[in-house]
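Novice: Residue numbers (my numbering): 1 to 501. Take this structure first; my questions come after.
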């Protein structure tokens, strides 16, 4: 009889500086899939759960879909809401019956009110249910913050290899491969974890670019029959927790000393180049000026990473919109903002009618003031976004009702009740915007957009703005992180002072 392996996926990235709090509603609007639905609805998508289920079957296992819950990044998960999520997981685990193995697809940076390591809490909870002898393999996002607790509660922990993230499905498959090592080849696995006290701008985390590319290549060179996986976790830079830093995990087949040695080799290599993780940033005015002057037929991207919904921000900062609509001359461009009251006001209008709205800062007013806009209503609807780029291909993202407005100087503004996904062109194209005719396209993403827009844009200009996902983390107030912290503190000490195991 085939061995039975369950797969459960609970994924959200927390931002402790976000104004909102996460509830089950944030997961429900994107869809919580239980049991067979998790298999049927994820089939063919580039996400972890689909990859794990498919690869388990390739290995001859009886793959048991348990659940898949995903939410856009946001604020701290409320404790009472987490209890509801755990109840769903427990019900699915008990309904599944005896399992021979369990794969947990988790983000790695989920935080609730009473626990800075919710993913570890979920893994410990699952361990209590399945028992001490059932192997558990955990997957994390590259921006996860793996902890000592989750390493102790699991048999193996791995993460994405790419940023921009295009290997979600492949990461799920790698987890299934490790499960085969555990169940079929009867290998005892473990994970070594080391960290460097370092927070770097997300703009500098590209795994195909230097300086991180050389670290990825070094990690790959250390893989052998005993060292099965090495994952790098530059970490979500907008979480203020005590056990945080650039993480390195090494999955081994019993040689813990060798795994620790590999992790230390990588940590020392990171230390040597830690000053190279610097982002080039522009003011809004300079970015617009450079974009217009440098336009050569392909859209120029202005990245407002300081208000990136993919990092937990609300997407309601309208400072870029204000600069574009008040530019003084025609500038064919596309931008977005979350503003439910403005959607409600414009939605009652007919296509082609003029509407006067105040845009921005309806959720998180800490960073600026709304901008008054007089515009024509071009389109409206409530069709969700279906991601078409290489990141999470096929994922359906609800953005609520939306309206497409156009200012007198040809700035098209997609206003939605929930945040759209500007790291993927589909986040705009759902409203009928022809991005290839734009001089400037506004993206609320530090780097993920480079995969979605690959081949379609000219240059990118990252903005130096404050906000919950600012690229200049020194603008945020950290209280719990270990000190000294590279990226936050002016540091001239040695490696030992910023190392943690």
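Note that the Cβ used here is the ideal one computed from N, Cα and C, for glycine as well. If you're wondering where the values come from, they're calculated on a predicted model, not measured in any experiment.
Quick one, are the C-beta atoms of residue 75 and residue 14 less than 8 Å apart?
Specialist: Residue 75 sits at position 75 when you count from the first residue of the chain shown. Residue 14 sits at position 14 when you count from the first residue of the chain shown. Yes, the Cβ-Cβ distance between residue 75 and residue 14 is below 8 Å.
Novice: Find out if the Cβ-Cβ distance for the pair residue 238, residue 453 is shorter than 8 Å.
Specialist: On the chain shown, position 238 is the one that residue 238 refers to. On the chain shown, position 453 is the one that residue 453 refers to. Going by C-beta atoms, residue 238 is not nearer than 8 Å to residue 453.
Novice: Quick one: residues in its chain with C-beta nearer than 6 Å to the C-beta of residue 82, no 5 flanking neighbours on either side, listed in chain order?
Specialist: On the chain shown, position 82 is the one that residue 82 refers to. Here the set comprises 112.
Novice: With DSSP collapsed to three states, give me the class of residue 103.
Specialist: Here residue 103 corresponds to residue number 103 of the chain shown, with the count starting at 1. Three-state DSSP puts residue 103 in a strand.
Novice: Could you check whether residue 125 and residue 69 sit closer than 8 Å to each other, using their CB atoms as the reference points?
Specialist: One-based indexing of the chain shown puts residue 69 at position 69. One-based indexing of the chain shown puts residue 125 at position 125. No; because the gap between Cβ atoms is not below 8 Å, this pair is not in contact.
Novice: Can you give me the Cβ contacts of residue 307 inside the same chain, cut-off strictly under 8 Å, excluding the 5 residues immediately before and after it?
Specialist: Sequence index remark: in the chain shown, residue 307 carries index 307 (1-based). Only 313, 314, 315, 316, 317, 367, 444, 465, 467, 468, 469 meet the Cβ criterion.
Novice: Could you check if residue 143 is buried or exposed, using at least 16 other CB atoms within 10 Å of its CB as the buried criterion?
Specialist: Here residue 143 refers to the residue found at position 143 when the chain shown is read from its first residue. Residue 143 should be labelled buried.
Novice: Could you tell me the alpha carbon to alpha carbon distance between residue 425 and residue 496, rounded to whole angstroms?
Specialist: For the purposes of this step, residue 425 is taken as the residue at position 425 of the chain shown. For the purposes of this step, residue 496 is taken as the residue at position 496 of the chain shown. Whole-angstrom Cα-Cα distance: 44 Å.
Novice: Determine the contact status of residue 324 and residue 355, defining contact as a CB-CB distance below 8 Å.
Specialist: Residue mapping note: residue 324 aligns to position 324 of the chain shown, counting from 1. Residue mapping note: residue 355 aligns to position 355 of the chain shown, counting from 1. Result no, Cβ atoms of residue 324 and residue 355 do not sit closer than 8 Å.
Novice: List the residues that DSSP assigns as beta-bridge partners of residue 230.
Specialist: Here residue 230 refers to the residue found at position 230 of the chain shown. Answer is 250, bridged to residue 230.
Novice: Is it the case that the Cβ atoms of residue 343 and residue 283 are separated by a distance below 8 Å?
Specialist: On the chain shown, residue 343 is found 343 positions in, with the first residue counted as 1. On the chain shown, residue 283 is found 283 positions in, with the first residue counted as 1. In this structure, residue 283 does not lie closer than 8 Å to residue 343 by Cβ.
Novice: Pull up the distance between the alpha-carbon of residue 422 and that of residue 404, whole angstroms please.
Specialist: Translated into positions along the chain shown, residue 422 becomes position 422. Translated into positions along the chain shown, residue 404 becomes position 404. Roughly 15 Å separates the two Cα atoms.
Novice: Going by the CB atoms, is the gap between residue 85 and residue 10 shorter than 8 Å?
Specialist: On the chain shown, residue 10 is found 10 positions in, with the first residue counted as 1. On the chain shown, residue 85 is found 85 positions in, with the first residue counted as 1. Cβ distance < 8 Å, so residue 10 and residue 85 count as in contact.
Novice: Can you round the beta-carbon distance between residue 189 and residue 178 to whole angstroms, since I take them to be within the 8 Å contact cut?
Specialist: Counted from its first residue, the chain shown places residue 189 at position 189. Counted from its first residue, the chain shown places residue 178 at position 178. Sure, about 7 Å apart at Cβ, within 8 Å.
Novice: Take residue 227 and list the residues in its own chain whose beta-carbon comes closer than 7 Å to its own, dropping the five residues that flank it on each side.
Specialist: Working through the chain shown from its first residue, we reach residue 227 at position 227. Excluding residues within five positions, the ones whose Cβ falls inside 7 Å are 250, 252, 258, 259, 262.
Novice: Quick check: what's the CA-CA separation for residue 299 versus residue 58?
Specialist: What you label residue 299 is simply residue 299 of the chain shown in a count that begins at 1. What you label residue 58 is simply residue 58 of the chain shown in a count that begins at 1. Approximately 42 Å, taken between the alpha carbons.
Novice: Provide the residue span of the beta strand (DSSP E) that contains residue 79, from first to last.
Specialist: Here residue 79 is taken as the residue at index 79 of the chain shown, counted from 1. First-last for residue 79: 79-96, but that is the alpha helix (DSSP H), not the beta strand (DSSP E).
Novice: Only counting the same chain, and skipping five residues up and downstream in sequence, which positions put a Cβ closer than 7 Å to that of residue 474?
Specialist: Position 474 of the chain shown, counted from the first residue, corresponds to residue 474. Within the same chain, residue 474 has close Cβ partners 488.
Novice: Is any beta-carbon of chain D found at less than 8 Å from that of residue 202?
Specialist: Protein chain content of the structure displayed is limited to a single chain, and chain D is not contained in it.
Novice: Keeping to the same chain, check which residues put their C-beta closer than 7 Å to that of residue 451; ignore five residues upstream and five downstream.
Specialist: Counted from its first residue, the chain shown places residue 451 at position 451. Cβ within range, chain order: 164, 166, 389, 390, 391.
Novice: Am I right that residue 191 and residue 157 are in contact with their C-beta atoms under 8 Å? What's the rounded C-beta distance?
Specialist: Position 191 of the chain shown, counting from 1, holds the residue named residue 191. Position 157 of the chain shown, counting from 1, holds the residue named residue 157. About 5 Å separates the two Cβ atoms, so the contact holds.
Novice: Considering only residues of the same chain and omitting the five flanking positions on each side of residue 62, which have a CB-CB separation below 6 Å?
Specialist: Residue mapping note: residue 62 aligns to position 62 of the chain shown, counting from 1. The residues are 2, 4.
Novice: Excluding the five sequence neighbours on either side, which residues of its own chain have a C-beta within less than 7 Å of the C-beta of residue 329, listed in chain order?
Specialist: Within the chain shown, the letter at position 329 stands for residue 329. Excluding residues within five positions, the ones whose Cβ falls inside 7 Å are 409.
Novice: What span of residues does the alpha helix (DSSP H) with residue 39 cover, start to end?
Specialist: Residue numbering aside, residue 39 sits at position 39 when the chain shown is read from its first letter. Here the alpha helix (DSSP H) through residue 39 covers 36-42.
Novice: For residue 504 versus residue 47, is the C-beta spacing smaller than 8 Å?
Specialist: Absent from the model: residue 504. The displayed extent of the chain is 1 to 501, so no value can be given.
Novice: Measure the alpha-carbon distance for residue 116 versus residue 485 and round it to whole angstroms.
Specialist: For the purposes of this step, residue 116 is identified with residue 116 of the chain shown, where counting begins at 1. For the purposes of this step, residue 485 is identified with residue 485 of the chain shown, where counting begins at 1. Distance between the alpha carbons of residue 116 and residue 485 is about 18 Å.
Novice: I'd like to check one pair, residue 303 with residue 52: are the Cβ atoms closer than 8 Å?
Specialist: Looking up residue 52 in the chain shown gives position 52. Looking up residue 303 in the chain shown gives position 303. Cβ atoms of residue 52 and residue 303: not closer than 8 Å.
Novice: If residue 104 and residue 136 are in contact, beta carbons under 8 Å, what's the gap, nearest whole angstrom?
Specialist: Residue 104 sits at position 104 when you count from the first residue of the chain shown. Residue 136 sits at position 136 when you count from the first residue of the chain shown. Sure, about 6 Å apart at Cβ, within 8 Å.
Novice: Classify residue 457 as helix, strand or coil using the three-state DSSP reduction.
Specialist: Looking up residue 457 in the chain shown gives position 457. Residue 457 falls in the strand class under three-state DSSP.
Novice: So what's residue 309 in DSSP terms, helix, strand or just coil?
Specialist: Mapped onto the chain shown, residue 309 falls at position 309. Three-state result, residue 309: helix.
Novice: Just to check my reading of the structure: residue 520 and residue 161 have Cβ atoms closer than 8 Å, yes? What is that Cβ distance to the nearest angstrom?
Specialist: Not covered by the structure: residue 520. The range shown for the chain is 1 to 501.
Novice: Please list the terminal residues of the continuous beta strand (DSSP E) segment that includes residue 379.
Specialist: Within the chain shown, numbered from 1, the residue matching residue 379 stands at position 379. Segment 371-381, the beta strand (DSSP E) holding residue 379.
Novice: Between residue 371 and residue 321, is the Cβ-Cβ spacing less than 8 Å?
Specialist: If you number the chain shown from 1, residue 371 lands on position 371. If you number the chain shown from 1, residue 321 lands on position 321. It is a contact, given that the beta carbons lie within the stated cut-off.
Novice: Is the CB-CB distance between residue 138 and residue 99 below 8 Å?
Specialist: Within the chain shown, the letter at position 138 stands for residue 138. Within the chain shown, the letter at position 99 stands for residue 99. Going by C-beta atoms, residue 138 is not nearer than 8 Å to residue 99.
Novice: From which residue to which residue does the beta strand (DSSP E) around residue 67 run?
Specialist: By one-based count along the chain shown, residue 67 stands at place 67. Element bounds for residue 67: 62-70.
Novice: If contacts are defined as beta-carbon pairs under 8 Å, then residue 169 and residue 140 qualify, I think. What distance do you get, rounded to the angstrom?
Specialist: Working through the chain shown from its first residue, we reach residue 169 at position 169. Working through the chain shown from its first residue, we reach residue 140 at position 140. That pair is no contact at about 15 Å.
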